[in-house]
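Residue numbers (our numbering): -14 to 126. For glycine and all other residues, C-beta sits at the position ideal for the given N, C-alpha and C. Below: one structure, written as structure tokens.
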């Protein structure tokens, strides 16, 4: 699946009348509602006509949230992978003979461990963070 390339110009479009301060305030308001950084970006693009937050503010959405103290505790990609593993584990409780599901659960959980190792190395996760299937639902809830 091909993704569109970002425009080369890094300046905000001339037709955009939103100031960086207004945009940061709006991002914080959406984050307080419980939206993830990618959901905030989609909302700004679709509902408010803001193509790239970085071109307007100079910072990405996650950096803005970190400076305001509203960043999620677990990185978004790891969060969604844990969520997927939990739903697959729930499915396997009901459908015990689903061998394909068991195989894919192993793959997903190995991906979770790999990502967690990366984020611990980059100090975006606590050094004591460890994914365990028994306590995973508390991480997501």
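Please report the distance separating the alpha-carbon of residue i from that of residue j.
{"i": "residue -4", "j": "residue 7", "result": "17 Å"}
{"i": "residue 68", "j": "residue 23", "result": "16 Å"}
{"i": "residue 48", "j": "residue 12", "result": "11 Å"}
{"i": "residue 5", "j": "residue 75", "result": "44 Å"}
{"i": "residue 41", "j": "residue 102", "result": "33 Å"}
{"i": "residue 92", "j": "residue 9", "result": "38 Å"}
{"i": "residue 89", "j": "residue 95", "result": "10 Å"}
For residue i, which residues from the same chain have a beta carbon less than 6 Å from its beta carbon, with the 5 sequence-adjacent residues on both sides left out?
{"i": "residue 16", "result": "50 and 55"}
Leaving aside the five residues before and after residue i along the sequence, list all residues of the same chain whose C-beta is less than 7 Å from its C-beta, in chain order.
{"i": "residue 98", "result": "116"}
{"i": "residue -2", "result": "36"}
{"i": "residue 60", "result": "104 and 109"}
{"i": "residue 3", "result": "35 and 41"}
Do residue i and residue j have their C-beta atoms closer together than 8 Å?
{"i": "residue 111", "j": "residue 70", "result": "no"}
{"i": "residue 85", "j": "residue 77", "result": "no"}
{"i": "residue 106", "j": "residue 63", "result": "no"}
{"i": "residue 46", "j": "residue 19", "result": "no"}
{"i": "residue 57", "j": "residue 113", "result": "no"}
The alpha helix (DSSP H) that contains residue i, what's its start and end?
{"i": "residue 117", "result": "Taken as a continuous stretch (DSSP letters only), residue 117 belongs to no alpha helix (DSSP H), as it is neither H nor E."}
{"i": "residue 85", "result": "84 to 106"}
{"i": "residue 26", "result": "22 to 33"}
{"i": "residue 16", "result": "5 to 17"}
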